[in-house]
Structure formats: structure tokens, C-alpha cells
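Numbering (my numbering), first residue to last: 26 to 104.
Here a beta-carbon is modelled for each residue, glycine too, at the ideal position from N, C-alpha and C.
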């Protein structure tokens, strides 16, 4: 549903549920976070957030547990 509202594409579990927002480095199950700055990329590999908004051009370097929503601009999607 979130992906539809912001024009994003889901990568991962389309049934992932969220009920809170968290910084990517503080994410817990049930939270949604975003990654818009490369200096925070390290956190996407360890976050416990259920869903993370990422820019369309994001290329993961290792496995990510969270469901991703690819959007043109993650920072604008959050706004």
C-alpha cells in the first residue's frame, strides 16, 4: 500500500507490515526507515526495520533483511 501511495516498487515481502518510523540505524521490526545518503549505507545491512525506502539507483553490496521500496528520491518520498 505504501509503495502505491509514493509510486515505488517493492523488492522483498509485499506483505511486510509497518506501524512506526525509525532512523535506519535504530530500526526495529514493524518500522519503516529510509536511506537517502550513502554515508548511512552500512546501516541498511544491519537494520531491523521491516521496510526501507531507497533511491532507484541503490545497488546493495550484500544481503538485506528488510523489504525495500525503490523510489526516485527516498528523501522526497518521506516528505
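Annotated three-state conformation of residue 34 is strand, per DSSP. Around the C-beta of residue 52, 16 or more other C-beta atoms lie within 10 Å, and the residue is accordingly described as buried. Listed in chain order, the alpha helix (DSSP H) runs fully inside the region 60-101 are 66-69, counting runs of at least 4 residues. Note on residue 59: 16 or more other CB atoms within 10 angstroms of its CB, so buried under the neighbour-count rule.
Burial is judged here by how many other beta carbons sit within 10 angstroms of a residue's own beta carbon; residue 34 has fewer than 16 and is exposed.
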